[in-house]
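Worksheet: the structure to be examined is printed underneath.
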Amino acid sequence: MAKTIGVLALQGGFEAHARILRGLGHAVREVRTAADLTADGGLDGLVFPGGESSTMLKLIGFSDLWAPIDAFVRSGRPVLATCAGMILAAKAVAGPEQASFGWLDVDVTRNGWGRQVHSFEATTDDGAVRLVFIRAPRLTRLGDGVEVLHTFDGEPIAVRQGALVAASFHPELADEPALHALAFG
Ligand code: GLN
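With the working numbering, you'll find the sequence shown wraps up at 233, consecutive numbering, no jumps.
What follows is the structure, given as structure tokens:
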């Protein structure tokens, strides 16, 4: 069934996510205000894209979005968080430390897979999924309820906890719709 999926569009790579979601048959709404989360009966899910997580945090503050976003995700609706989005979702953030929502019981280190100069393409350890890493966060701790979806170099790079799917890499830039389909159908 087609759903309306929001994409947080304050900063970063939201357009490529919108393209993939439309390709899966979903309607897409760019989210910049609290009203965008609730208009027309609300959203069926939300994407937190890549970008610069520290900038996103500032813009979330300026836009008074912290509490509405937190309530949306805690309502249990499906969420996909990629790269900077995964940093926002994590329980604890290092490299350097910064605030996060803590929905996902993992710890991450920002730029843990390398800085801009170390952006790279690869495939998952099973060869099934093309990977684009851009200053990607590294998962340094996984809670008991966190399921590993993909690994690279033997390390987790995509995880799921309940209705929340998160990835270190950019499936939207590799034209890989599988995680979007897993999160939203
Ligand atoms: N390094 C970025 C951050 O800390 C994330 C990079 C990305 O989203 N491509 O926010």
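Note that beta-carbon positions come from the ideal geometry of N, C-alpha and C, so glycine has one too.
Would you kindly report the start and end of the unbroken alpha helix (DSSP H) that includes residue i?
{"i": "R122", "result": "W114 to R122"}
{"i": "I108", "result": "S101 to F110"}
{"i": "A226", "result": "A226 to F232"}
{"i": "F62", "result": "F62 to G71"}
{"i": "L85", "result": "A82 to T86"}
Residues bridged to residue i by DSSP?
{"i": "D155", "result": "A140 and R189"}
{"i": "P204", "result": "T199"}
{"i": "A50", "result": "Answer is none; A50 lacks a bridge partner."}
{"i": "Q209", "result": "L212"}
{"i": "F181", "result": "F168"}
So, using beta-carbon positions, are residue i and residue j closer together than 8 Å?
{"i": "R70", "j": "G93", "result": "no"}
{"i": "L212", "j": "V127", "result": "yes"}
{"i": "E220", "j": "G61", "result": "yes"}
{"i": "L72", "j": "H228", "result": "yes"}
{"i": "E169", "j": "R178", "result": "yes"}
{"i": "L187", "j": "S167", "result": "no"}
{"i": "G98", "j": "A138", "result": "no"}
{"i": "A50", "j": "H74", "result": "yes"}
{"i": "I68", "j": "P225", "result": "yes"}
Given this structure, state the Cα-to-Cα distance separating residue i from residue j, to the nearest angstrom.
{"i": "I117", "j": "G54", "result": "11 Å"}
{"i": "T172", "j": "V207", "result": "13 Å"}
{"i": "F200", "j": "P185", "result": "13 Å"}
{"i": "Q59", "j": "R77", "result": "15 Å"}
{"i": "L85", "j": "P204", "result": "31 Å"}
{"i": "T130", "j": "R122", "result": "18 Å"}
{"i": "A214", "j": "A87", "result": "26 Å"}
I'd like the span of the beta strand (DSSP E) that includes residue i, first residue to last.
{"i": "T130", "result": "V127 to T130"}
{"i": "F168", "result": "F168 to T171"}
{"i": "A75", "result": "A75 to V79"}
{"i": "L93", "result": "The identity of residue 93 in the sequence shown is Gly, whereas the question assumes Leu. Start and end: G93 to F96."}
Review point. Just checking, does the stretch 138-158 make contact with the stretch 185-194 on the three C-beta pairs under 8 Å criterion?
Key: Contact holds: three or more Cβ-Cβ distances are below 8 Å.
Review point. Is there contact between the stretch 107-115 and the stretch 75-89, where contact requires at least three CB pairs shorter than 8 Å?
Key: In short, these stretches touch, since the Cβ pair count reaches three.
Check your understanding: Touching or not, the stretch 162-175 and the stretch 131-146, by the rule of three or more beta carbon pairs under 8 Å?
Key -> In short, these stretches do not touch, since the Cβ pair count stays below three.
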